[in-house]
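A.B. asks: Numbering-wise, the working numbering comes out as the position in the sequence shown, counting from 1, plus 11. I'd like to ask some things about the structure below.
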Amino acid sequence: MESEVIYFILGLILGIAVAVYFYESSREKAVINGERFVSKKLKIALDNSSAIIYKRIKELKRDLTETEKDEIIRDCYERTNKLN
Numbered sequence: 012m013e014s015e016v017i018y019f020i021l022g023l024i025l026g027i028a029v030a031v032y033f034y035e036s037s038r039e040k041a042v043i044n045g046e047r048f049v050s051k052k053l054k055i056a057l058d059n060s061s062a063i064i065y066k067r068i069k070e071l072k073r074d075l076t077e078t079e080k081d082e083i084i085r086d087c088y089e090r091t092n093k094l095n
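This is the structure:
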């Protein structure tokens with residue numbers, strides 16, 4: 012009886028380990044494929060705009076509208092293009 016419980020627990024641990032392994036490997040593939048389709052300038056612009064949007068939300072103490080967010084993203088992308 013005790014050996015059955017031990018084997019059950021070991022099987023459960025092995026199953027969880029295999030699931031985590033496949034989950035992480037699929038996530039890594041998604042990140043690699045995502046980087047293939049996004050240019051470096053766009054990634055920099057999105058990172059900068061995210062920081063600005065977060066800062067603006069803190070300053071105004073409200074959520075920004077979609078047009079405000081779009082304007083910030085567009086400005087960051089234009090500035091990134093001018094730098095390079």
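Note that beta-carbon positions come from the ideal geometry of N, C-alpha and C, so glycine has one too.
Going by Cα to Cα distance, which pick from K72, I55, L71, I24 is closest to D86?
C.D. replies: As a working note, residue 86 is residue 75 in the sequence shown. For D86, the nearest C-alpha among the options comes from I55.
A.B. asks: Counting only runs that start and end within the stretch 28-70, where is the beta strand (DSSP E) found for 3 or more residues in a row?
C.D. replies: If we require 3 residues or more, the stretch 28-70 turns out to have no beta strand (DSSP E) run fully inside it.
A.B. asks: Are there 16 or more other CB atoms within 10 angstroms of the CB of I17, so buried, or fewer, so exposed?
C.D. replies: One-based indexing of the sequence shown puts residue 17 at position 6. Classification for I17: exposed.
A.B. asks: Please tell me whether I83 and I63 are closer than 8 angstroms, where the distance is taken between their beta carbons.
C.D. replies: For the purposes of this step, residue 83 is taken as the residue at position 72 of the sequence shown. For the purposes of this step, residue 63 is taken as the residue at position 52 of the sequence shown. Contact: yes.
A.B. asks: Would you mind working out which of S50, E39, T76 sits nearest N92, comparing C-alpha positions?
C.D. replies: Mapped onto the sequence shown, residue 92 falls at position 81. The residue with the shortest Cα to Cα distance from N92 is S50.
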